[in-house]
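Numbering (this note's numbering), first residue to last: 14 to 380. Note that the Cβ used here is the ideal one computed from N, Cα and C, for glycine as well. Owing to the predicted nature of the structure, the values given are computational and were not obtained by experimental measurement.
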Ligand code: TTP
Ligand code: MG
């Protein structure tokens, strides 16, 4: 298979880049604890009520020691940690604080790509503070956030977005980690494949079957092997396994859709299997949607994607509300024709903010 040679360092237009990924520490819980310092050493979660089938959005590190985590049902969280204190979510407050965090970022660079309320990529390639040293600058940004907002953040600094994102998790909470260009090769070899964004449970299971645990193992597969086992994701895996990611920090990104999909180890062809898959995918879609802070009103339609064993693809969409689990099931059921499937996906299309065209020349109004 023909493919351009891999660029060993993350270079775009001949320039090595300096990317920082900032991720706030237990964001919603940290905001709540800022107002309730008396609860600091107690297990605290933010989320819904146990009686109303609520779920935990996040919790502090004390609660994490009990096995409480994001997306767990509140009922189960209380079972694991009976003394858990559950505070209600205050989205408007988190949004306001997120805007304040972005104001700090803008003092350092205009190139900011928000991922969720608490997570963003910054491109510091052109930054001249601290002699252009991105690690020192990232430390300063974290310090500003702490001094101005009383919240801690972690950061990853690397020549590309993929490595920066992984690195921000390395010294969490309240820490940072830098991957220098010459360290990429060693860093990536030891990296467990489950740390690669996009490698979910199904891909991970397939990799375990192939005895692939680290990116070093993944590097032994050829591009055609990767295509064979992982479909279109194979090409991306080829790059990521080598620490290569050419994607740019996109400051004007507007999300147009959100979707999740699963390629099966073995094709499925019964409605019962498809239904089970839709249930699992729906749960994942809910988590992703909540984390990206997408309000229900901005969902325009739902869609279901089938990829058949002959690799042909069919997508079906429905724009009539409601957009719940049973609606995804119905859309799939109405379009499933018994052909075996190698992949199933579901997603939402989102309304985008339409920019009103500005009048070309205001003066003409007064003529
Ligand atoms: P994360 O950055 O994933 O988690 P976190 O900031 O709480 O903790 P960490 O220190 O590990 O980064 O998510 C950011 C916020 O998004 C989190 O505070 C709450 C919200 N969220 C949900 O509402 N549902 C979810 O399933 C997840 C994962 C997060
Ligand atoms: Mg976070």
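Check, Outcome
"What is the rounded straight-line gap between the Cα of residue 345 and the Cα of residue 164?", "44 Å"
"So, with DSSP's three-state summary, where would you put residue 90?", "helix"
"With DSSP as the reference, label residue 320 as helix, strand or coil.", "strand"
"Tell me, which residues are paired with residue 276 by DSSP?", "356"
"Apply the 10 Å Cβ neighbour rule to residue 189 and answer buried if 16 or more other Cβ atoms are within range, or exposed otherwise.", "buried"
"Considering only their Cβ atoms, is the gap separating residue 320 from residue 363 smaller than 8 Å?", "no"
"Between which two residues does the alpha helix (DSSP H) containing residue 247 stretch?", "246-253"
"Exposed or buried, which one is residue 105 when buried takes at least 16 other CB atoms within 10 Å?", "exposed"
"Would you kindly report the start and end of the unbroken beta strand (DSSP E) that includes residue 132?", "132-136"
"Going by alpha carbons, who is nearest to residue 43 out of 223, 166, 244?", "166"
"Hey, would you say the C-beta of residue 159 is under 7 Å away from at least one heavy atom of ligand 1?", "no"
"Look at residue 271 and residue 301 and say whether their C-beta atoms are less than 8 Å apart.", "yes"
"Please confirm whether residue 246 and residue 213 have their CB atoms less than 8 Å apart.", "no"
"Could you check whether the Cβ of residue 129 sits closer than 7 Å to any heavy atom belonging to ligand 1?", "yes"
"Would you say residue 58 touches ligand 1, meaning its beta carbon is less than 7 Å from a heavy atom?", "no"
"Which value, in whole angstroms, describes the spacing of the CA atoms of residue 59 and residue 291?", "27 Å"
"Roughly how many angstroms lie between the CA atoms of residue 83 and residue 70, to the nearest whole one?", "5 Å"
"By the three-class DSSP mapping on this structure, what secondary structure does residue 314 have?", "strand"
"Determine, using beta carbons only, whether residue 314 and residue 332 come nearer to each other than 8 Å.", "yes"
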